[in-house]
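Per our numbering, the sequence shown runs over residues 13 to 493. C-beta: ideal position from N, C-alpha, C; glycine also. The structure appears below as structure tokens.
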Amino acid sequence: MKLTGAQILIEILKQEGVDTVFGITGGAIIDIFDELAKTDIKHIMARHEQGAVHAADGYARAKRKVGVCLVTSGPGATNTVTGLTSAYMDSIPLVVLTGQVPTGLIGNDAFQEADIVGITRPCTKHNYLVKSIEDLARTVKEAFYIARSGRPGPVLVDLPKDIIQAREDYKPLPPPSLKSYRPTYRPNRKQLNKALKLIQEAKKPVIFAGGGVILSEASVELTHFARKLNAPVTGSLMGLGAFPGIDRLWLGMLGMHGTYQANMSVGACDLLIGVGVRFDDRVTGKVDTFAPHARIIHIDIDPTSIRKNIMVTVPIVADCKATLTELNRLMDAEGLTLNPENNKRWLDQIAEWKSAFPLAYEQKDIIKPQYVIERLYELTEGKAIISTEVGQNQMWAAQYYHFDRPNAFLTSGGLGCMGFGLPAAIGAQVARPKELVIDIAGDGSIQMNIQELATAIQYKLPVKIIILNNRYLGMVRQWQE
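As structure tokens, then:
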């Protein structure tokens, strides 16, 4: 049976379980929208393509599946770059479909032509220009596979208009198999044994959890691992929610905007176990003074993240969930625990740091933003999905709202993209319509994508917005002062 390229694309979307597409229509993709309207796939029409990608990002995080965005050629495609870069740095699985001028016009400076494949090569996990209708189905299926496998990330597929309008015999394809792309999921047993030896010898261990724990759905395994060792846990900004924020072993966030006890613990520990983290500059500061007394175990599915910023003692290239599961099993089998006396001394020291320098702020007659977040946590009982913009609002949310479950804190961690929070909250609300979704914003960054308020109204999405208005770009002003 012959189908148009647009019809083939829709068939692949249905096979991949897509129920929602975010985007904005345009001339190069009008045939796709005509076919999309005949399906049960919901389309959320954003007011700007950047907002559409952020919404797909928020949807992907909240739904734990690939987010999909569909935009037109030229300016529609180039408007996605910031959203793609944010998703790329935070390892969020997206498939962004862009329209393109007909293949015969590519390179001729045609109306609304842009080399979006070249433009987005540095900010996507992979991208494609579809050059023939015979390649269309395979390419789109590969895009979904690449986006969600290994270290997740955004994949862009550029679709020339003549390919979308052409006809081809279509039959369902098997799952993709890419010989040049085979992520390592299972940990190496020799490396596990080395890690277990370091754990057994440790007197002052700290576990450092990152966004990779959440992406691999390893929070239960991480919690079991930490409690088995009775070892304190800190987290990166992207790792908030990977470990319960109200647990006695939780140290709070690490790094520039982290807690005193988290930073002191890492500075004094003799073993640091990094799970799904990048060891980025906001955490490490000056790398040669970071965790100066520690041997380091680094677990990450992306081999390029290991030893990129920090030298490690035992690298384990594998999925976080698979690795923690195996470590827990081996520890049970060998009866491995920390020395109780050493463990008590270490936890007592951390308790002293917590008591001496807790998170605090100056109480005044005016409403302080920290107090707003504390009250929000109390009123929601910690059960809301929180998105943030970027700046002081983001850090106050990270510090004063205690996240005790994964995928409840949505923020642009790597790129630090102002304007992320509102569209991300819209995407999360679409993904989880029965949950309370709140965007914590500053008066500066809320204006970056304020047009998406119209999207929330159009689709009757009950997103809540809290604006912490200090009449400044507060983080920048804080640095200047």
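Between the Cα of residue i and those of the options, spot the shortest distance and give me the residue it belongs to.
i	options	result
D314	Y193, G270, I478, T32	Y193
R294	A396, V167, L266	L266
K173	P352, I145, P199, K206	I145
T37	A64, G29, L21, K50	A64
V83	H60, G456, P327	H60
Q124	T110, P474, K143	T110
N354	I469, A207, A243, D43	A243
K320	C332, F291, R341, K333	F291
S399	H269, R260, M276, V475	V475
H236	L252, P217, P256	P256
R201	E338, N120, K446	E338
M487	G428, P435, T335	G428
F421	L252, D69, K143	L252
N139	N120, L168, D121, A49	L168
N340	N205, L473, V299, Y471	N205
Y272	E386, A155, S103, S367	S367
V289	A280, A345, R357, S317	S317
G88	G35, T97, G130, G70	G35
I308	S231, I322, G297, T301	I322
L391	N351, I56, H414, A122	H414
A466	R387, D52, M57, M13	M57
G433	Q62, F156, F45	Q62
L208	L348, Q492, A122, G297	L348
K14	D31, I118, Y182	Y182
A126	W408, P114, S231	P114
K137	G162, T335, F369	G162
V152	T301, R387, P327, K26	K26
G426	Q492, T335, V107, C135	C135
P352	K376, L171, Y471, P217	P217
P304	T325, I285, A280	A280
R160	D69, R198, T51, D121	D69
I397	K446, Q361, L371, E493	K446
I258	V33, G394, R198	G394
A306	L284, P327, V299, D300	L284
Throw me the rounded Cβ distance for the residue i and residue j pair, which I believe falls under 8 Å.
i	j	result
L148	I128	The Cβ separation is near 17 Å, so there is no contact.
E464	I438	6 Å
L480	V384	7 Å
Q382	Y373	4 Å
V66	G95	According to the sequence provided, residue 66 is His. The question's Val does not apply to it. So it is a contact: roughly 5 Å between Cβ atoms.
G165	A99	7 Å
S277	L261	So it is not a contact: roughly 11 Å between Cβ atoms.
A221	L234	6 Å
I22	E47	5 Å
R417	A74	12 Å between Cβ atoms; not a contact.
V287	I219	7 Å
F156	E28	5 Å
V108	T92	6 Å
In the DSSP output, what is residue i paired with across the bridge?
i	result
N139	L168
H60	Note: H60 sits in no beta bridge, so no partner.
E180	L15
K54	T32
M265	G247
F421	I398
K446	Per DSSP, none; premise fails for K446.
D451	S399, I477
C81	F34, V108
G286	F220, H310
May I ask you to check if the CB of residue i is nearer than 7 Å to at least one heavy atom of the ligand MG?
i	result
P184	Here there are no bound small molecules, and the ligand MG is not part of this structure.
* To do: Kindly provide the ranges of any alpha helix (DSSP H) runs that are 4 or more residues long and lie completely inside the region 215 to 239, ordered along the chain.
  => Entirely contained in the region 215 to 239, the alpha helix (DSSP H) runs reaching 4 residues are, in chain order, 223 to 227.
* To do: Inspect the CB distances between the region 450 to 470 and the region 69 to 86 and report whether three or more fall short of 8 Å.
  => No: the two stretches stay apart, fewer than three of their Cβ pairs being nearer than 8 Å.
* **Touch test, the region 403 to 411 against the region 453 to 460, Cβ-Cβ under 8 Å, three pairs minimum** => By the Cβ test, the region 403 to 411 is in contact with the region 453 to 460, since at least three Cβ pairs between them sit closer than 8 Å.
* Between the region 238 to 256 and the region 216 to 227, do at least 3 Cβ pairs fall closer than 8 Å? -> Verdict: yes, contact present.
* Within the region 290 to 373, note down every full alpha helix (DSSP H) run reaching 4 residues or more, in order along the chain. => The region 290 to 373 contains these whole alpha helix (DSSP H) runs: 293 to 296, 332 to 346, 352 to 368.
* Asked: Mind pulling the alpha helix (DSSP H) runs of 4 or more residues that sit fully within the region 96 to 145?
  -> Counting only runs of 4 or more, we get 128 to 132.
* Should the region 41 to 60 be regarded as contacting the region 14 to 24, the criterion being three or more beta carbon pairs within less than 8 Å? -> Yes, since at least three Cβ pairs between the region 41 to 60 and the region 14 to 24 fall closer than 8 Å, the two stretches touch.
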